[in-house]
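Peer 1:
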Amino acid sequence: MRGTTKANKRLCGLFLIIGQLVLFATTGSAQTVTIPIETAGHALVLQVNNHKDLNIIYLGKKLAQKEEYGLIPNSYRQYSDYTGLYNSAYTPSGGRNLLEPAITVTHADGNNSLDLRYVSHKQTWEGEGVSLLSILLQDPVYKFDVTLYFKSYFKEDVIEQWSSVSHNEKGNVILYKYASANVCLKADSYWLRQYHGDWAKEMQPEESRIIHGIKTLDSKLGTRANLFQPSMFMISLDKPATEDEGYVMMGSMEWSGNFKIDLEVDPQNNLRVIAGMNNYSSPYTLKPGEKFETPAFLYTLSGNGKGEASRKLHAWARNYKITDGKGSRLTLLNNWEATYFDFNENKLVELLKDTRKLGVDLFLLDDGWFGNKYPRNDDHAGLGDWEENRQKLPNGIASLVKEAQANGVKFGIWIEPEMVNPKSELYEKHPDWVVRQPKRDEYYFRNQLVLDLTNPKVQDFIYGVVDDLFSKNPQLAYIKWDCNAVVYNAHSAYLKNQNHFYIKYVEGLYNVLKRIRVKYPDVPLMLCSGGGGRVDYGALQYFTEYWPSDNTDPLERIFIQWEYSYFYPALSSSNHVTDWGKQPLKFRTDVAMMGKLGFDIVVSKLNPTDLAFCQNAVKTYDAVKHIIFQGDQYRLSDPQSNSVASLMYVNHDKTTAVVFNYLVNNRYEEGSKMPVRFKGLDPAKKYRVKEINLYPGVNSSIDTDLVYSGDFLMNVGFNPVVNSGRTSVILKIEAAV
Ligand code: DGJ
C-alpha cells in the first residue's frame, strides 16, 4: 500500500488493507505505522517510527487485541541505543548504525553510507493461508532501494523472509553484505542449539547460551556447504526449550551454498539474527537498474517446545516445499554397498531379481556405470563421462531398464553431474569448464573437481546428462544426485567478476534443477552429498528426499535421524538397511523404517530366515508408511539422555499410530524400566497396542488383548519392553472399535 504515510491527521485507528492490518498512531506531530504479520499463533510486528525507520517491535505470541501491538514499544524501557537502529528490520551500515549490519554497500560515487527509510508496503494473497508482504525502503540521499519480503504461512506459523536490492545510481554499486533477514527477539536469555559434523558424522548437536557479542554459524565450502555446519538451528527464549515446553524458534537458510548467520546479543540484551548468503569473498557488483534478490531465510515459532515447532516445519515442507510432499515414496534396493564399483550386467540382472524377491519398488544403480576411455572402476576416474561403460554394460542402461520391467520393478540411477575427475574425457575436452586456479596446482576432494556451473554451457551440459538419460530411457523412475566435493581454488574461466562465483554457482545449479523440474515434474530425485552435506530447503524444493549420511550404522543413525527430524519430515529421509554396525538385521531394518525405507545389502547372501524377515518387513512397512510419511511426529524418549529412544507417528484422525523404540545403551540391565508416555492420541479413544515387524519365530511379550484409553497411554504410558534381548520394538496403536 504505497503512500500510506501521507495521512497526517491526528488519529489512532485501525485499517484493514487487503487482509493486512495496519495501525496508524499519532503522537504529537509524528506518525507511526504498525504492520503486524500474524500467523495462527504468532506475530511479527514491524513499526515505522517518526524518522521512517522500519523496526521490529515484536516477535512472539499473537495478541488477541491487534490494536495493542502499537503499544508494545512503550512497555520497554531499554533507554537510548544511541542509534535508533538496534531493532531495525534491515540494518544499514555506514550511518548511525553501531552493530552488525544486514546490508553494507559502496555507492557509485565511492561513499560507504546507507540509510533506509520506509516508503510503502503492500500485501498480496498467494493462496489459501499464504500471504506476501513487501515493504519498500529507500535511501533519502541515493537512488537506492531495498524491498523486504515476508511470506507467511498462516496454519504452519512459518515465515520466509528475503530481500531485493536495486538502484539507479550513476554507476555500479558494490554490495558487501546482503542479508536475507534481520530478525529481532527480546528475552532474558537466549539458548542456541546448533549442529556440526563431517562425513559420516552429520548433525551433531551442541547447545549453549548465547552471550553478548556475535556468534556466527557459517559455511565457506561452496558446493557441499553443510559438511561442517548446516544452517539449521534453534533458539530458545529464557530457558532451553524441551520437547514440549518453552518458546523456541527454528530457522534455516534456503540456500545450497555459503551462508552466514550472525546471532548478536546487543548491549540492550536483544537478540539480533542476521541471516543470509555468506559475503565471504563475494562483494557483489550491481549495475543500475539490476535487481539482486537474496534466497529466503525460513523460521517457525512455537510456545510449546521443539516438538510442536518441528511438526509445523514438517507440515509446511509437505504442503509447500518438497517435491511431492503430499505423496508417497518408493522403497528400493541400492547396489552401492553390495558391489561398490565392481559389477557388470550379469550381476545387475541378478540384483534386479533380488529387488523383486525382496518386494521393494525400485532398483537403484549407484556409482560406477559409466566412463570408457577412463572407466569408473574406482573414484579416481571417469566422473564427467556419462556414457555407459561398454565392458560392464554392453547393452547399456536401456537393457537394464527393460530387465527391471520384466521383473516388475522400477529402475533408478546415480549421477554426480556437477563434478569431474581430472582423469576423464570431459576434463580433457573442457578444462575451461572446471573450477580451478589457472596458475596454481589443483587440489582434490575425493580425487575430483567441481564443474563451473556459473557457465551456461556447463548448465546445459548438466541438464543434458539428465535429459539424455530420460530421453533414452523413458521408463527411468528415479535419480540419486550426488555431490562429493567442496570448492577449492574458487575460480571461473567464464565469469568476468570472480567475486560473483559462489553466488552464481548456486544460481546455476538451481537453473538446472528448475529446468529438470519443468520437463520432469514428478520423477523422484534423491539429494545426496556424500551423505547429508547439502540438505536445505533451497535444494529440497527440487527433490523428493535426501540422504542424511553415509553412516548407516543404525545406532548412529538413531541420533542423526533424530536431529534431522526436527527440520525435515520423515518422508524426505532416505534410510537404508546396510551391513554397517553390530546390530541385528531387525534393529537395522526398524531404524531404516523411520523414514523412507531402502536396502543396500546382498540379498542373495541372506539366510532364509533373514530373507523372510526382510520380505515381511517391506510388507509391514507398506501397510504403515502413510502414517510415517503424512502423520504427525512426536519424539517420546530422547537418545541423548535416555537408554531407550522412542519416536512416534500418529495419523491425523488419531486412530492409528506407529511407535519406534530402540535400546541405545548396552550397559548392564539397561532397558525400558519406565513406561514410555505416548503423545498425540485422543484421550477419550480406546486403543489396542500390537507389536509389529517381529523376527520370524519370535513371539511378542506385548498383550494385544488389552485395551487402553488414550488418556492412560499418554499419562501413564506404555512399556514397549525394550531390553538386551529385545533391542528394537515397533508398536502399532490402533483405535479399538
Ligand atoms: C557418496 C554417497 O553418499 C554414497 O551413497 C554413494 O552413492 C557414493 N557417493 C558413490 O560414489
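If you count by mature numbering (1 follows the signal peptide of the UniProt record, and there is no 0), then the sequence shown holds residues -25 to -1, 1 to 712, one letter each, in order.
The C-beta atom is built at its ideal place from N, Cα and C for all residues, glycine as well.
According to DSSP, is THR2 helix, strand or coil?
Peer 2: Bear in mind that a pLDDT of 46 at THR2, under 50, signals an unreliable position, so the number given afterwards is only what the model happens to contain. Strand, per DSSP.
Peer 1: Using DSSP with H/G/I as helix, E/B as strand and the rest coil, what is LEU451?
Peer 2: If DSSP states are grouped into helix, strand and coil, LEU451 belongs with coil.
Peer 1: Pairing CB atoms from the segment 646 to 666 with CB atoms from the segment 624 to 631, are three or more of them under 8 Å?
Peer 2: Cβ pair count under 8 Å is three or more, so yes.
Peer 1: Which runs of the beta strand (DSSP E) at least 3 residues long sit entirely within the segment 205 to 280? Give them in chain order.
Peer 2: The qualifying runs are 208 to 212, 222 to 228, 234 to 240, 245 to 252, 259 to 261, 266 to 268 and 272 to 277.
Peer 1: Can ASN459 be considered in contact with the ligand DGJ, in the sense that its beta carbon sits closer than 7 Å to one or more heavy atoms?
Peer 2: Flag set: Cβ of ASN459 near the ligand DGJ.
Peer 1: For the ligand DGJ, I want to know if ASP680 counts as a neighbour, meaning its beta carbon is within less than 7 Å of at least one of the ligand's heavy atoms.
Peer 2: It does not: the Cβ of ASP680 is nowhere closer than 7 Å to a heavy atom of the ligand DGJ.
Peer 1: Who are the near neighbours of GLN558 in its chain, counting only those whose CB is closer than 6 Å to its CB and skipping five residues on each side?
Peer 2: Excluding residues within five positions, the ones whose Cβ falls inside 6 Å are PRO529.
Peer 1: Mapping DSSP to helix, strand and coil, what is CYS159?
Peer 2: Note: CYS159 maps to strand in three-state DSSP.
Peer 1: By DSSP, does ALA468 sit in helix, in strand, or in coil?
Peer 2: Reduced to three states, the DSSP call for ALA468 is coil.
Peer 1: Start and end of the beta strand (DSSP E) containing MET569?
Peer 2: Element bounds for MET569: n/a, residue is neither H nor E.
Peer 1: Could you give the first and the last residue of the continuous alpha helix (DSSP H) run that contains LYS377?
Peer 2: From DSSP, the alpha helix (DSSP H) with LYS377 extends over 371 to 381.
Peer 1: Beta-carbon separation of LYS281 and ALA381 under 8 Å?
Peer 2: No; because the gap between Cβ atoms is not below 8 Å, this pair is not in contact.
Peer 1: For a minimum of 3 consecutive residues, which ranges assigned as the beta strand (DSSP E) are wholly contained in the segment 330 to 360?
Peer 2: Segments of the beta strand (DSSP E) lying fully in the segment 330 to 360: 337 to 340.
Peer 1: Residue range of the beta strand (DSSP E) that VAL487 falls in?
Peer 2: Run containing VAL487: none in the beta strand (DSSP E); it sits in the alpha helix (DSSP H), 476 to 494.
Peer 1: Going along the chain, which unbroken runs of the alpha helix (DSSP H) with 4 or more residues stay wholly within the segment 9 to 65?
Peer 2: Complete alpha helix (DSSP H) runs here, min 4: 47 to 50.
Peer 1: Enumerate in chain order the residues of its own chain whose CB-to-CB distance from SER579 is below 8 Å, with the five nearest sequence positions on each side excluded.
Peer 2: Cβ within range, chain order: GLU325 and ASP329.
Peer 1: Pull up the CB-CB distance for GLY226 and LEU273, whole angstroms please, since I reckon it's below 8 Å.
Peer 2: The Cβ separation is near 6 Å, so the contact holds.
Peer 1: Quick check: does the Cβ of ASP317 come within less than 7 Å of any heavy atom belonging to the ligand DGJ?
Peer 2: No, the beta carbon of ASP317 sits no closer than 7 Å to any heavy atom of the ligand DGJ.
Peer 1: Do GLU265 and SER139 come within 8 Å of each other at the CB atom, strictly closer than that value?
Peer 2: Taking 8 Å as the Cβ cut-off, SER139 and GLU265 do not qualify as a contacting pair.
Peer 1: Please go through the same chain and pick out, in chain order, the residues whose beta-carbon is closer than 8 Å to the beta-carbon of ASN694, but skip the five residues on each side of it.
Peer 2: Only SER647, MET649, PRO650 and VAL651 meet the Cβ criterion.
Peer 1: With a threshold of 7 Å (Cβ to nearest heavy atom), would TRP456 be considered close to the ligand DGJ?
Peer 2: No, Cβ of TRP456 sits at least 7 Å from all heavy atoms of the ligand DGJ.
Peer 1: Would you mind sorting residue 713 into buried or exposed? The rule is 16 or more other CB atoms within 10 Å of its CB.
Peer 2: This structure leaves residue 713 out entirely; the chain is present only between -25 and 712.
Peer 1: Less than 7 Å separating the Cβ of ASP342 from some heavy atom of the ligand DGJ?
Peer 2: It does: the Cβ of ASP342 is within 7 Å (strictly closer) of some heavy atom of the ligand DGJ.
Peer 1: Report all residues from its chain with a CB closer than 6 Å to the CB of PHE119; omit the five preceding and five following residues, and keep chain order.
Peer 2: Hits under 6 Å: HIS142.
Peer 1: Within 10 angstroms of the Cβ of VAL712, are there 16 or more other Cβ atoms? Answer buried if so, exposed if not.
Peer 2: With fewer than 16 other Cβ atoms within 10 Å, it is exposed.
Peer 1: So what's LEU108 in DSSP terms, helix, strand or just coil?
Peer 2: Residue state, collapsed to three classes: strand.
Peer 1: Measuring alpha carbon to alpha carbon, tell me which residue in LEU340, LEU339 and GLY359 is nearest LEU348.
Peer 2: At residue 348 the sequence reads Lys, which differs from the Leu that was named. Of the candidates LEU340, LEU339 and GLY359, the one whose C-alpha sits nearest the C-alpha of LYS348 is GLY359.
Peer 1: In terms of alpha-carbon separation, which member of VAL481, ASN72, PHE129 and PRO614 lies closest to ILE12?
Peer 2: Nearest option by C-alpha distance: PHE129.
Peer 1: Would you say the segment 465 to 478 touches the segment 163 to 171, given that touching needs at least three Cβ pairs under 8 Å?
Peer 2: With a cut-off of 8 Å, the segment 163 to 171 and the segment 465 to 478 do not count as touching, because too few Cβ pairs lie within range.
Peer 1: If you draw a straight line from the C-alpha of residue 795 to the C-alpha of ASN668, how long is it?
Peer 2: Residue 795 is absent from the model: the chain starts at -25 and stops at 712.
Peer 1: With a CB to CB cut of under 7 Å and the five nearest residues on each side skipped, what residues in its chain are close to ALA409?
Peer 2: Correcting the residue identity first, residue 409 is Val in this sequence and not Ala. These residues qualify, in order along the chain: VAL395, TYR402, LEU424, LEU426 and ASP427.
Peer 1: Smallest Cα separation from THR122: which of VAL441, LYS287, ILE110 and ALA659?
Peer 2: If we check each option's Cα against that of THR122, ILE110 comes out closest.
Peer 1: Run the CB neighbour count on GLN536, radius 10 Å, all protein chains shown included, and call it buried at 16 or more, exposed below.
Peer 2: Counting Cβ neighbours within 10 Å, GLN536 comes out buried, since at least 16 surround it.
Peer 1: Give the DSSP-derived three-state secondary structure of LEU(-5) in the structure shown.
Peer 2: Because the pLDDT at LEU(-5) is just 49, under 50, the model does not fix this residue reliably, and the point stays unresolved.
Peer 1: Measure the beta-carbon distance from SER618 to ASN640 and round it to whole angstroms, keeping in mind my assumption that it falls under 8 Å.
Peer 2: Indeed they touch by this definition, with Cβ atoms about 4 Å apart.
Peer 1: Exposed or buried, LEU(-15), counting other C-beta atoms within 10 Å across all chains shown (16 or more means buried)?
Peer 2: Only weak support exists for where LEU(-15) lies, its pLDDT of 27 falling under 50; the value from the coordinates is given anyway. LEU(-15) should be labelled exposed.
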